[in-house]
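Residue numbers (the working numbering), protein chains in the order written: chain V, 790 to 1135; chain G, 790 to 1135; chain X, 790 to 1135; chain Z, 790 to 1135.
Idealized CB from N, CA, C, for every residue including glycine.
These notes are about the structure you will find just below.
There are 4 protein chains.
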Amino acid sequence: MLNVAIVGASGYTGLELIRILHCHPEVAVTCLTSEQSAGKRISDVFPTLRERCDLMLENLEPIRVAEKADVIFTALPHKAAMEVVPTFMKLGKTVIDLSADYRLSDPKVYGAWYEEHLNPANLKKAVYGLPEIRRARIKGARLVANPGCYPTSIILGLAPLLKKGVIDPHSIIADSASGVSGAGRSAKVDSLYCEVNEGFKAYGVGGAHRHTPEIEQELSLLAGFELKITFTPHLAPMDRGILSTMYATPTKEVTTEKLVALYKGFYAGEPFVRVLPQGSLPSTAFVRGGNFCDIAPLVDSRTGRVIVVSAIDNLVKGASGQAVQNMNIACGFPETLGLEGLAIFP
Amino acid sequence: MLNVAIVGASGYTGLELIRILHCHPEVAVTCLTSEQSAGKRISDVFPTLRERCDLMLENLEPIRVAEKADVIFTALPHKAAMEVVPTFMKLGKTVIDLSADYRLSDPKVYGAWYEEHLNPANLKKAVYGLPEIRRARIKGARLVANPGCYPTSIILGLAPLLKKGVIDPHSIIADSASGVSGAGRSAKVDSLYCEVNEGFKAYGVGGAHRHTPEIEQELSLLAGFELKITFTPHLAPMDRGILSTMYATPTKEVTTEKLVALYKGFYAGEPFVRVLPQGSLPSTAFVRGGNFCDIAPLVDSRTGRVIVVSAIDNLVKGASGQAVQNMNIACGFPETLGLEGLAIFP
Amino acid sequence: MLNVAIVGASGYTGLELIRILHCHPEVAVTCLTSEQSAGKRISDVFPTLRERCDLMLENLEPIRVAEKADVIFTALPHKAAMEVVPTFMKLGKTVIDLSADYRLSDPKVYGAWYEEHLNPANLKKAVYGLPEIRRARIKGARLVANPGCYPTSIILGLAPLLKKGVIDPHSIIADSASGVSGAGRSAKVDSLYCEVNEGFKAYGVGGAHRHTPEIEQELSLLAGFELKITFTPHLAPMDRGILSTMYATPTKEVTTEKLVALYKGFYAGEPFVRVLPQGSLPSTAFVRGGNFCDIAPLVDSRTGRVIVVSAIDNLVKGASGQAVQNMNIACGFPETLGLEGLAIFP
Amino acid sequence: MLNVAIVGASGYTGLELIRILHCHPEVAVTCLTSEQSAGKRISDVFPTLRERCDLMLENLEPIRVAEKADVIFTALPHKAAMEVVPTFMKLGKTVIDLSADYRLSDPKVYGAWYEEHLNPANLKKAVYGLPEIRRARIKGARLVANPGCYPTSIILGLAPLLKKGVIDPHSIIADSASGVSGAGRSAKVDSLYCEVNEGFKAYGVGGAHRHTPEIEQELSLLAGFELKITFTPHLAPMDRGILSTMYATPTKEVTTEKLVALYKGFYAGEPFVRVLPQGSLPSTAFVRGGNFCDIAPLVDSRTGRVIVVSAIDNLVKGASGQAVQNMNIACGFPETLGLEGLAIFP
C-alpha cells in the first residue's frame, strides 16, 4: 500500500484525484493540502466526499507532507509547484506534477511564456508524462510532468501522422473547445454561470494560449524537427470535456481507410486510446468521467485535407486520470489500476 | 461469478446498470436485450462503452435470456415487465424489476393508476426493494420491485418522522425536482434540448403523477395507517438528480437539533444514506453518479413546520444503483459491492 | 422625452433596464453609474450593447446624476440605495428603487432582517410597486419600491385567494426555484458555472431568506391580518426565471374550475398577468425575456389542497421590466410602453 | 400595413418570425400554417405567445394563404418550399424563403447535394438574401432565398478578405459551432436534452454538410473564381448561436491592425455587422436574440495565418431576423424596422 499526498486538493483536479484514487486498490490518500481551506475537512469543501473521505486539509509544509507520503501529486498553479517540488525530490519522493512547471524542457521557453524558471536542475530530470508516447521513460521516473489538457488531446490526435510523415508539419491547425472546469475553481466574473451559459467563444486566439509551446515541443519531437502550429481554444458551456478538431495538408494522397488503419496500428494495445471505426466521430459526452481519448482521423475528399477529431475529459485523461496512469507506470502498478471506471452518460 | 442479464439495455437505466456492474467483482454481464436496437452492439448505441462492453443486443426472448443468466434486471416500461417476469420466475431466476409493475402490493391500486395487472400471483411474492426500510425481506428474495426515483427520495426523507410519530401524517407535502433523464430516452418533443433547457416547470400537479400511490403505500406502512400526500414533481434543466423538499406539521414541538439526532440514529450504519450536519443542505450536484441519498431535516422556527430536504441521483440510488444494492442483498454479496464509486463533481 | 439615469448599471438588472428602455419611445438613457467600472464604456462591460449604447460609466455622484435625469432607477445592493435616494428625493426626482431598502414599511422589520434603516422619512413616502395590487397609489408616486423577484411571483400567485378569503392564511407554503442571475454578477465560488451546472439545491430553508418579510407584509395586507408563511427558495441551473409552487388549505370546498374563474376575474384587463386555462401549467421557459407572470391555480382533488403555480422572468417582471412598468404608471405613460416584446423561446 | 403569412409556423424559425414581426410597425401577421398542428392555436404550441398572438394554425393551402397575405415567409424543410413557392409567385406575392431550395443558383449543384430541383424557372429569379453583400439586388425582389445559418456567419466573416484578395482562396478552413435549435424541433433521439447536454461534438466532417456548396458558391463569387473550402460544423450544448473560426493563408504580409481597418471600412454603415476593436473577440452570448453579426479578424503572428472569428444568433441573423431584414429591403421599409431589439444577456 502506497501513501499518497495531494498538494492543492481543493481545486477540481485535486478532487478528481481523490475520486479516482478512492477506487485504487494499492494506494491510500494520507495527506491533503490547501492554502485557502486549511483547517477544514475536504468533505466540507466538496460534499461529494462526505463519509468517504473526511481528511483535514493542511497548510502546505513540504517536509510534513513528505513525511506522510511516498508519492506526491502537485495540483498547484504554475510557479507554486516549482517552489515545493525541489524539497519533495530531495527527500526522495516520487512527484507527479500537474502544473506547467516541468513540461517545457527548455527553461528559456518557459521563461518566454511564463516567467523565469526557478528549478532548472529538476527540469532536466522531469519526464513528460504522455504514456502513449513515452511510456518507457516514465517507468521508474521520479518526477513526471503531467501534460496539459489541450496538449493531451492534440498530441495524441496528431502523433501517428507526424511520426509517419503523413502530413506537412507546417500546415497544422488545431481548433479546440473546452468545458469550464478547465478554468479552475477560483472566483472570477468570467467563470460565473450566467457569463458562460448559453455562450460559445474563442479565446487566446492567434497563438496566445500557454499550451501552445507545450504542444509544439512534443509535435516537433514526433516530427523530428521544429514546427509551429496555429492553435485556437474555445470555451463551451459545459463542465467537462475537450474536443480538438485538427487540420493538416497530407504530403501524399491518403484515404480515410488508410488513416484509420494507421491509427489502429499506432495505438494497438493502448488501454485508453480508442480509434473509432470509419464513419464514427467522437463526442466529449462519450468520455465524460473516463480516462479515454477517442480519436477519428479522416480525409476531406473534396479538398484533400486530413482532419482528425479527438475527445477527452479534461479532468481525467487531460489531468487527474492521466496523473494516476503515470503514477501506475512510474511505480510499477498495472497501468489501468483505479482507472477501470467507464465514462458516465448521460 | 454470477451471470447477469439486462433486459431493456438501450435505455438510460440499462446503460447505468452496465456502468455500475462493470466494476462489480462478482458479476459478469452476459446478455443484453433491446427491442429497438437488437442486432447492434451496445457500444454502437452508447459509445461510452466502446472497447469495454461490446455485447450484441438481442431480441427479448425470455427463455433464451434465462439460459444465459442467474440474475435478470428488467429495465422495461410498465406492462412490458410483467409480460416477461413470470417466465423468469418460473425458471427459477432472481429478478430485479426496475419497472412499476411489482411495486404496488394491491393489484386494484395498480389497476386504478396504470391498467389491469397481468400477474397478481408474483405480485404477492415481490418485495419492495428499499433496503434501508426492508433489508431483511430483500435477503434471499426472488423478485425485487426496485422503487421509483421520486419515491426513493421521499420515503427515505420522511421515514424517521413517520416511524417515530413526529409529524401529522395528513399534513405531508412533497415538492420535488428531477433531471431530464427521468423521462427516458424516447424521442419526444417535450424532451428536446431546446424545450427543456433554460426552463423550470411543474407537471402532474394535483396528484396526477403515477409515483403518488407508491409513495403513499410506503409512507402509510411506516405511519401505521392510510395517509394521502400532496406530491408535485418539477422538471429541472439538468441530466440527473432529484431533490425533494418535504413539509409537514409536527405533532409536538421539535427542534432541528433533535431531528438531526433522530435521523442520525435511524440511519446509523447505513452505507448510502448521509444525514447532513445541522446547517448543511443537500444538492443533487453532490450525489451525481453515486448511490447516495443525502438528507437534511430541520424546523422552520417561525412557523413551526418540519422541513426535510433529500437528494439522490435518479439513475443511481433512484434506479440502477439501488437495483445493484438490492441484487447484492438478495444474492448475499456485501451490500456495497460495485457501489464504492464516489459521486462525480463537477 | 424623459431623461433617465440608471445607478448601478453594471449588474444584470442594470443591463436589463438598458435593454428594455432601448425600445421605449418616451425615454432617453442619459446617465449610467458603476463603482466597479467607472471610466469604461457600458458596451465594454456588456458587449451586447456595442454600437447601440456606448455611454461612459460614471462614479455615483448623486448631484451630478440628478442633473442629468428626471427619473432615476437605483439598481444597487441594499443599504447603498438608501444612501443616495434621499438626495434624489430632495432634488425632486422620481426614483424607482430596485433594492430592498424601501420595500418594508416598518423600519423595525427592516432592522431585524437587514440592518438599521437610514432613511425612515422617505420610507413613509415609498409605494410598494406591484402594479396589479397597488396601481392607484403608484400613479404620480415619487419613490417606488420595486418588489423582489420571489415576492412578485408569490404575491401575484396568492393575491386572489387571500383577498377573497378562499384559503386559511396560516397554511401557506411557497416553494420556489430561481435561475442563477438572481444571485447577481459578483465573483463568488458559489455562482461559478461548474458549481451551479447540473445541480439543484434548496437554500435559506426554514425562513432564512430576506424576501420572507416582504412576502408576509404584502400577503398580510391582502388577507387583512398578520400571517406567516413557509418559504423555501431553490437554485436551478439556468440563467433566468422563477417558478413558485404554492400550497394552502381552502376554507371551504373549491374546484379548479372555480379557481380559474376567480383568477381570470381578479386579473381581468391586466396586461402582464396571464391566467392559464385549466389543464395548462406555467414554465419559466415561456416568460423568458418578457414581462409576464403566468399563473395556474388548481385543486388537488385527492387531498383537497389548493395549489398555485406561477412563473416570471426574475430579471423582467421580477426586476427591471416591472421597474419600467412602474415608471410608466408613475410618469403617466401607457403602462405597456417599452414592454411589448414577447418572451424569447427557445 | 402589410399582411404577412408564415408558412411552417410551428418550428423555431417560424416562432422567431412571429416574435420579431410582433414589434414591426408596418406589418400584420394574418396567416400561419402548420401541417402537424393545424387546428390548434399557435399559442397552444408556443405558450410564449399567449394573449399576444393567438392565431389558429391552418393547413398549407397555397391559394388560401395567398389570399390573406402580401408577403409570405416560407419556413419549411427543403423540397416542401419549392412545392408551394411557384403558386405564391404566380399569384404575385413576395416570398422570403428560409429553406435551401432557392439558395444554389445552379440546379445541378442542388441536385448533387439535395435532390432534383422542381422549380428551376423561379430559381433564376431568386436573389440570395445576404443584404451586406447583395443589398441592391434585394430591393424590389419578389423571391429572396434567405441564407443558411452557417453560411451567414462564414460569408460575412470572409467577404472582405476575398473581395480584397488578401488571402489564398484555396487555403480556407471554417470551423463552426452551433446551438441545438439549428437542428429544428422534430422529435429525434439525437436532439434530446440528455444526448446533447454536457457534450461537444463534430458532425458532417469532411465536406458532408449541405451548407458547404452554399458557402462555396458565395465565396467563389466574392473571390472571382471557383474555390473549395474545408468546413466542419460542431454541436454545442446551448439553444442558440453560431460561432465560426476561420483560417486562411494571406497572399502578402498583413497585420491585425490593417485587417481591422479593412473590415471597418468594408462594413461601414452596416447596421447589423459589428467589427470588434482589436483585442476583442465575439461570443454567441453577445448576439443572443439580436440581429447582429460580430466579427474579429486578426493575424496569428507566430505562423502568419489570418484568423477570423464571427458570431451570430442562428435563429435571428442566421434565419428569421435576416428574413425580416430582407423583407424590409425588398418592400422598401427602413432596413432595421422591427429589428431594433438588443441582444439579451444573460
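- prompt: Under a CB-based cut-off of 9 Å, is Pro866 of chain Z close to chain G?
  reply: no
message: Cutting at 7 Å between CB atoms, please list the residues of its own chain near His867 of chain G, excluding the five before and the five after it.
response: Ser888, Ala889, Asp890 and Tyr903
- prompt: On the three-pair Cβ rule with 8 Å, is the segment 1082–1090 of chain V touching the segment 1033–1053 of chain V?
  reply: yes
- prompt: Residues bridged to Thr1019 of chain X by DSSP?
  reply: X:Ile962
- request: Using three-state DSSP, classify Ser1069 of chain Z as helix, strand or coil.
  value: coil
- prompt: For Leu919 of chain V, which residues does DSSP report across the bridge?
  reply: DSSP, once it has assigned bridges, lists no residue as partnering Leu919 of chain V.
- prompt: Hey, out of Z:Thr1038, Z:Val860 and Z:Arg931, whose CA is closest to Lys913 of chain Z's CA?
  reply: Z:Arg931
- prompt: Closer than 9 Å, CB to CB, is Glu984 of chain X near chain G or not?
  reply: yes
message: If distances are taken between C-alpha atoms only, which option among G:Ser942, G:Ala798 and G:Glu1015 comes closest to Ile922 of chain G?
response: G:Ser942
message: Quick check on Asp964 of chain V - is its C-beta less than 9 Å from some C-beta in chain Z?
response: yes
field: Simplified DSSP state of Thr802 of chain G, which is helix, strand or coil
entry: helix
field: Contacts of Val994 of chain X in chain V (Cβ-Cβ under 8 Å)
entry: Those do not exist, as Val994 of chain X stays about 16 Å from chain V at its closest Cβ, beyond 8 Å.
task: Could you tell me whether the segment 991–998 of chain X touches the segment 1091–1099 of chain G, using the rule of 3 or more Cβ pairs below 8 Å?
output: yes
- prompt: Name the residues in the segment 952–977 of chain G whose C-beta lies less than 7 Å from a C-beta of chain Z; which are they?
  reply: Val969, Ser970, Arg974, Ala976 and Lys977
- prompt: Would you call the segment 1030–1042 of chain V and the segment 1019–1030 of chain Z touching, i.e. three or more CB-CB distances under 8 Å?
  reply: yes
Nearest residue (CA-CA) to Ser823 of chain Z, options Z:Ser799, Z:Thr837 and Z:Gln1006: Z:Ser799
- request: Between the Cα of Pro851 of chain G and those of G:Ala869, G:Val1105, G:Val1062 and G:Arg839, spot the shortest distance and give me the residue it belongs to.
  value: G:Ala869
- prompt: Is Asn908 of chain V helix, strand or coil by DSSP?
  reply: coil
- request: List in chain order: all unbroken beta strand (DSSP E) runs of 3+ residues lying wholly within the segment 920–1002 of chain X.
  value: 932–934 and 962–967
query: So is Leu1104 of chain Z buried or exposed if we call it buried at 16+ other beta carbons inside 10 Å?
result: buried
- prompt: Helix, strand or coil for Asp1028 of chain V per DSSP?
  reply: coil
task: Please state if the CB of Gly797 of chain X and the CB of Ala864 of chain X are separated by a distance shorter than 9 Å.
output: yes
Cα-Cα separation between Ser975 of chain Z and Asp1028 of chain Z, rounded to whole angstroms: 15 Å
query: So, helix, strand or coil for Pro875 of chain G, using DSSP?
result: helix
- prompt: Name the DSSP bridge partner or partners of Cys820 of chain V?
  reply: V:Ala794
message: Output needed for Ser1109 of chain X: all residues of its chain with C-beta closer than 7 Å, excluding positions within five of it in sequence on either side, in chain order.
response: Thr802, Glu805, Leu806 and Ile809
- request: Quick one: list the residues of chain Z neighbouring Ile1133 of chain X, beta-carbon separation under 7 Å, in chain order.
  value: Arg808, Gly1078 and Ile1133
query: At what residue ranges does the segment 846–897 of chain G contain a whole run of the beta strand (DSSP E), taking only runs of 3 or more?
result: 860–863 and 883–886
query: Are Pro958 of chain V and Asn911 of chain V close, meaning C-beta to C-beta below 9 Å?
result: no
- request: Express the C-alpha separation of Thr1073 of chain Z and Pro1135 of chain Z in angstroms, rounding to a whole number.
  value: 11 Å
query: So Cys1082 of chain X is in the beta strand (DSSP E); what residue range does that whole segment cover?
result: Cys1082 to Val1088
query: Could you give the C-beta distance for Ile1004 of chain X and Ile944 of chain X, rounded to a whole number, given that I count them as a contact under 8 Å?
result: 6 Å
message: Can you tell me whether Pro1026 of chain V is buried or exposed? The criterion is at least 16 other CB atoms within 10 Å of its CB, across all chains shown.
response: buried
query: Does the beta-carbon of Ala1119 of chain Z have 16 or more other beta-carbons within 10 angstroms, so that it is buried, or is it exposed?
result: buried
- request: Could you check what DSSP says for Val1098 of chain X in three-state terms: helix, strand or coil?
  value: strand
- prompt: Going along chain V in order, which residues have a C-beta closer than 9 Å to the C-beta of Cys1120 of chain G?
  reply: Within chain V, no residue comes near Cys1120 of chain G; the closest Cβ sits about 22 Å away, beyond 9 Å.
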